[in-house]
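Single-structure report; data block below.
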Amino acid sequence: MRILAAMSGGVDSAVATARAVEAGHDVVGVHLALSRAGGTLRAGSRGCCTIEDAMDARRAADALGIPFYVWDFSERFREDVIDDFIAEYRAGRTPNPCMRCNEKIKFAALLERALELGFDAVCTGHYATLVEGEGGLELHRASDAAKDQSYVLGVLTAEQLAHTYFPLGDTPSKELVRAEAEQRGLTVARKPDSHDICFIPDGDTRGWLADKVGAEKGEIVDRAGDVVGSHDGAHAFTVGQRRGLQLGVPAADGKPRFVLEVRPVSNTVVVGPKEALACARIAGARYSWAGAAPTAPAFDCHVQIRAHSDPVPARAWIADDIVTVEPESPFDGVAPGQTAVLYEGTRVLGQFTIDRTESAVPVEA
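Just so we're on the same page, the numbering used here is the position in the sequence shown counted from 1, plus 1239.
The following block contains the structure:
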């Protein structure tokens, strides 16, 4: 195949590219420039897509003897990922920018251009596997559960999966990938993994949002609506948060309180006991299927609501173009804006953005 390898400058994408070359494919490497800040430098393991990352990617491509290019996707990234991130927080939701980047950039904009240029597939260093099933190509978890990234790939459609290539999916551990990089003479073999939000490299999400969204003082109330404190900006709070609450009125039982809800219209933060974070039902209208869509209107599955959370057995159903999920045991601290990924065993069925949650604990409790 003609393969376009997305090279981030990290060890995973470098080894994935090397394996594609070794498999006999015609491979071209490309690094995506996602930031307009041309002088951006990497700080430890924070962020990605910096000048240093681009240089690391180029060195890996040179070592593998393949053509290499840098493509400027910064405008598309700003519109589809950064602006979306800001808008979601303004609406009181908690978005996952990695999901949007995979959905809108790596497997939409990049894949689109790759196909236009005559490539058959885009290769990435994601840890996930593709399996040919009875109903077509299926997305499955990686062999290494600790590194599995099928959750953040849950936004991919059947058409996109048909043009993707994940060479690392069957690798038992990340350490083997690093060892392979060393054997191949790739200088990124021991480079730290990137983490946090790539466009907020200093890790100060609250400060970054305050600058973009604006900070406005408001009230913190309990579930009954009584004022128990104040805040300097609702955007700085997420469901499940305990620290950083400026509460002037202690709880009657003396126990700590947690953020239960963020109401952007009234600029209000709702707090309550930990038990009230239990969520009995979630639902959303923005959904997609990673392959063939479920044929039954209701079906059993497992649902994962965070990249590193455990999947929960659940019952899901589709009605009025809305996916609703009811877990066997309540979810803990779910926020609108999060992504729920549905699984059948190791297979990814699809995903939806959570628009609505229903507490398992009545307000009177």
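Heads up, the beta-carbon is just placed ideally off N, CA and C, and yes, glycines get one too.
For residue i, which three-state DSSP category applies?
i: Ser-1469; result: strand
i: Cys-1540; result: strand
i: Arg-1332; result: coil
i: Thr-1256; result: helix
i: Tyr-1390; result: helix
i: Phe-1346; result: helix
i: Gly-1248; result: coil
i: Asp-1319; result: helix
i: Asp-1265; result: strand
i: Asp-1301; result: helix
i: Ala-1282; result: Note that Ala-1282 scores 48 on pLDDT, short of 50, meaning its location in the model is unreliable and no value can be drawn from it.
i: Arg-1241; result: strand
i: Glu-1458; result: strand
i: Arg-1615; result: Nothing can be reported for residue 1615: it is not among the residues displayed for the chain, which extend from 1240 to 1604.
i: Glu-1514; result: helix
i: Asp-1571; result: strand
i: Leu-1273; result: coil
i: Ala-1490; result: coil
i: His-1365; result: coil
i: His-1474; result: helix
i: Leu-1356; result: coil
i: Pro-1601; result: coil
Let's see if you can read the secondary structure: which residues bound the alpha helix (DSSP H) around residue i?
i: Thr-1444; result: 1444-1452
i: Tyr-1328; result: 1322-1329
i: Phe-1316; result: 1313-1316
Report buried or exposed for residue i, applying the criterion of at least 16 other Cβ atoms within 10 angstroms of its Cβ.
i: Arg-1241; result: exposed
i: Val-1370; result: exposed
i: Gln-1485; result: exposed
i: Tyr-1308; result: exposed
i: Ser-1252; result: buried
i: Pro-1406; result: buried
i: Ala-1463; result: exposed
i: Met-1246; result: buried
i: Asp-1461; result: buried
i: Ala-1326; result: exposed
i: Leu-1566; result: Going by the sequence as given, residue 1566 is Pro instead of Leu. Classification of Pro-1566: buried, given that the 10 Å Cβ count is 16 or more.
i: Val-1394; result: buried
i: His-1547; result: exposed
i: Ala-1418; result: exposed
i: Ser-1433; result: buried
i: Gly-1576; result: buried
i: Arg-1525; result: exposed
i: Glu-1414; result: exposed
Skipping 5 residues on each side, what residues in its chain have a beta carbon closer than 7 Å to that of residue i?
i: Val-1260; result: Val-1266, Leu-1303 and Ile-1305
i: Pro-1533; result: Leu-1588
i: Val-1600; result: Glu-1514, Ala-1515 and Ala-1517
i: Arg-1372; result: Note on residue identity: the sequence assigns Gly, not Arg, to residue 1372. Closer than 7 Å at the Cβ level, and outside the excluded window around Gly-1372, lies no residue.
i: Ala-1348; result: Phe-1312 and Arg-1315
i: Ala-1195; result: Past the edges of the chain, shown from 1240 to 1604, lies residue 1195, and the structure says nothing about it.
Identify, in the order they occur along the chain, each residue of the same chain with its Cβ nearer than 6 Å to the Cβ of residue i, setting aside the five sequence neighbours on each side.
i: Gly-1277; result: With a pLDDT of 49 at Gly-1277, under the threshold of 50, the modelled position of this residue cannot be trusted; read the value that follows with caution. Result list for Gly-1277: empty, nothing under 6 Å.
i: Ala-1689; result: No answer is possible for residue 1689: it lies beyond the span of the chain, which begins at 1240 and ends at 1604.
i: Ala-1490; result: Arg-1496
i: Thr-1563; result: Ala-1522 and Trp-1556
i: Phe-1476; result: Val-1498, Val-1501 and Val-1508
i: Arg-1520; result: Glu-1565 and Glu-1597
i: Ala-1257; result: Leu-1303 and Arg-1423
i: Cys-1340; result: Val-1320
Short of 8 Å in beta carbon distance, which residues of its chain neighbour residue i, apart from the five on each side in sequence? Order them along the chain.
i: Gly-1453; result: Gly-1472
i: Lys-1494; result: Pro-1512 and Lys-1513
i: Gly-1479; result: Phe-1497, Val-1498, Leu-1516, Asp-1571, Gly-1572 and Ala-1574
i: Val-1269; result: Leu-1243, Ala-1244, Ala-1245, Met-1246, Phe-1307, Tyr-1308, Val-1309, Trp-1310 and Leu-1349
Checking contacts by CB at 8 Å: is residue i closer than that to chain C?
i: Cys-1337; result: In summary, chain C is missing from the structure at hand, where a single protein chain is found.
I'd like the span of the beta strand (DSSP E) that includes residue i, first residue to last.
i: Arg-1554; result: 1551-1558
i: Thr-1592; result: 1586-1592
i: Arg-1520; result: 1517-1523
i: Val-1562; result: 1561-1566
i: Ala-1607; result: Here the chain has residues from 1240 to 1604 only, and residue 1607 is not among them.
i: Leu-1499; result: 1497-1502
i: Arg-1595; result: 1595-1598
i: Thr-1368; result: 1368-1372
i: Gly-1375; result: 1375-1379
Any heavy atom of the ligand NAD closer than 7 Å to the Cβ of residue i?
i: Arg-1481; result: Of the ligands one can find in the structure shown there are none, so the ligand NAD has no counterpart to examine.
key: Entirely enclosed alpha helix (DSSP H) segments - the region 1382-1439, minimum 4 residues   = 1397-1400 and 1413-1422
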